[in-house]
Every structure is written in C-alpha cells, then in structure tokens.
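If you read the sequence shown in the numbering used here, its first letter stands for residue 32, the second for the next number, and so on.
All C-beta atoms in this analysis are idealised placements derived from N, C-alpha and C, irrespective of residue type, glycine included.
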Amino acid sequence: MRPTAIMRAKFPSLIISGLSAAVILAASAASAQVDTYSAVRRYNRVAKGRNVSEWQRRLFDDDPKVRLDAVESLGKDGSEAAVKPLLDAVNDPDPRVRAKAIDYLGKIGSHTATLPLSQYLFLKTVDRATKQRILVALGRIGDPEAVPRLVDFVNETSDEELRCGALFALGEIGDESAMPCLEKYRDSGTPHEKRIAEDAIGKIKQRLAAAPGQQPTIIELEKLLGPKQPARR
C-alpha cells in the first residue's frame with residue numbers, strides 16, 4: 032500500500048483519537064470545577080455555619096469578621112427565624128455589623144422588627160448613622176404600626192436630616208394616619224422638610240386612590256390629586 036493510502040486510512044482514527052482526548056480533558060476540567068465548588072461549600076459550612084442556630088452563636092464571636100459573616104448568612108437566609116438574631120446584631124459594637132443587620136431587616140420586611148427598630152430611634156446611645164439606616168429599614172418594611180413612633184420621632188428630634196428621613200419613611204409606609212404630621216411639615220417646615228413632606232403626601236394619596244375596594248369618587252379623586260389649596264390665615 033502506498034504511503035498516501037496508509038495516511039488516508041489512519042487519518043480518521045487520528046481525528047477520533049483527538050476528539051476523544053478533548054472530551055476526556057473537558058470532562059476532567061468539569062469534574063475539577065465540581066470538586067472545587069463542593070470543597071468551597073464544605074469549607075463555608077464549617078467556617079461560616081450551616082443554619083440559623085449556628086449563625087446566631089457566631090454573633091457572639093470575638094472576631095467582628097465572624098460576626099459579619101454570620102449576619103450575611105442570616106440575611107441571605109431571610110426567614111422569620113433569622114429576624115431575632117439580626118435584631119440582636121443591631122446592638123453589635125462594630126458599625127459594619129450593625130449596618131448590615133439593619134439593611135437585611137429592611138430587605139426581609141418582617142413586621143416583627145418594627146417595634147425594636149423604632150425603639151432604637153429614641154436611644155441617645157444610638158449613633159446618628161445607625162438611626163438613618165433604621166429609618167430607611169422602617170420605610171422598606173412598610174408596617175403601619177411604625178407610624179405613631181415615627182411621628183413622635185419627627186416631632187422630638189432636633190436633627191433636620193433625621194426628621195426628613197422619618198418623613199420620607201412615613202411616605203414609604205403610605206398609611207393615611209401619617210397625613211396630619213406630613214401636612215404640618217409641608218405647610219410650616221424648612222424648605223427641605225416641605226419638599227420631603229409634599230412627596231410623602233403624594234405617595235399616600237396615590238396609594239389611597241389605588242386601594243382595592245376603596246376607589247374614591249371623581250370629586251374625591253380631584254381633591255386628592257388636585258393642586259394644593261393655599262392655607263387660610
């Protein structure tokens with residue numbers, strides 16, 4: 032047999048061998064990736080815990096990095112069982128742990144957090160940055176039970192920025208009981224307070240207009256969404 036014929040005969044087998052090798056290499060790489068992923072998951076379970084009880088215990092670790100990881104795990108879990116440990120973490124001495132715990136409570140949105148978070152607003156030992164995050168979280172949670180405490184905070188605080196944060200939260204919650212407070216600051220607050228209060232009132236009016244089973248009449252709708260009447264002197 033001529034050399035060229037021999038090469039033709041062997042060429043298909045060479046292609047098949049090459050393809051087989053490529054498939055084997057790809058499978059090996061995929062297997063290695065799976066093994067690496069599994070190893071990372073096993074490491075995380077050991078290093079960071081695997082359930083709410085373990086994460087809660089890690090909140091008492093001396094290392095703030097461990098506590099921060101525990102809060103991260105609790106927040107990603109997002110269950111009602113994670114809310115209580117996250118509330119405990121709001122009192123953590125490390126500001127990073129506090130901030131992340133508050134943010135996750137707002138994201139989870141459980142009404143269980145409403146009262147404890149509201150109470151932190153009135154403590155002098157709680158720093159300003161923490162109170163700002165709490166106001167954002169309460170707005171995200173959207174529990175009408177927070178309205179009376181937010182109104183009290185609006186009227187008691189001497190910090191205009193925090194007051195505006197509370198006014199904004201009232202608008203995010205969207206409960207009608209906040210209207211008297213918002214109207215007060217819309218009419219007689221600082222320029223910043225007036226703007227925030229006006230926006231909050233608009234949000235509440237829109238929510239009331241869209242509430243199922245509570246559709247207003249045309250006249251009521253015009254009053255709700257129409258231009259503000261000048262205050263009588």
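Minimum length 4: unbroken alpha helix (DSSP H) runs contained in the stretch 102-159 = 114-120, 126-139 and 145-151
Could you spell out where the alpha helix (DSSP H) holding Glu214 opens and where it closes?
-> Met210 to Ser219
Length of the line joining the Cα atoms of Glu111 and Ser141 | 7 Å
Three-way DSSP call (helix, strand, coil) for Ala168 in this model | helix
Less than 7 Å separating the beta-carbons of Ala101 and Leu90?
-> yes
Within 10 angstroms of the Cβ of Ser149, are there 16 or more other Cβ atoms? Answer buried if so, exposed if not.
-> buried
Is the CB-CB distance between Leu201 and Ala231 below 7 Å?
-> yes
Is the beta carbon of Ile133 less than 7 Å from the beta carbon of Val121?
-> yes
Exposed or buried, what is Glu9 when buried is set at 16 or more other beta-carbons lying within 10 Å of its beta-carbon?
-> Residue 9 lies beyond the range of the chain shown here (32 to 264); nothing can be said about it.
Excluding sequence positions up to five away, which residues of its chain have a Cβ less than 6 Å from the Cβ of Phe199?
-> Ile227
For my contact list, Val128 and Arg171 are in at a C-beta cut-off of 8 Å; report their separation, rounded to the angstrom.
-> Incorrect: roughly 19 Å between the Cβ atoms, too far for contact.
Assuming Gly196 and Arg238 make a contact with CB atoms under 8 Å, what is their CB distance in whole Å?
-> In fact, because the Cβ distance is near 20 Å, the residues do not count as touching under 8 Å.
Tell me whether Arg159 is buried or exposed, calling it buried when 16 or more other Cβ atoms sit within 10 Å of its Cβ.
-> exposed
Could you check if Ala242 is buried or exposed, using at least 16 other CB atoms within 10 Å of its CB as the buried criterion?
-> exposed
Short check: CB of Glu224 to CB of Tyr216, under 7 Å?
-> yes
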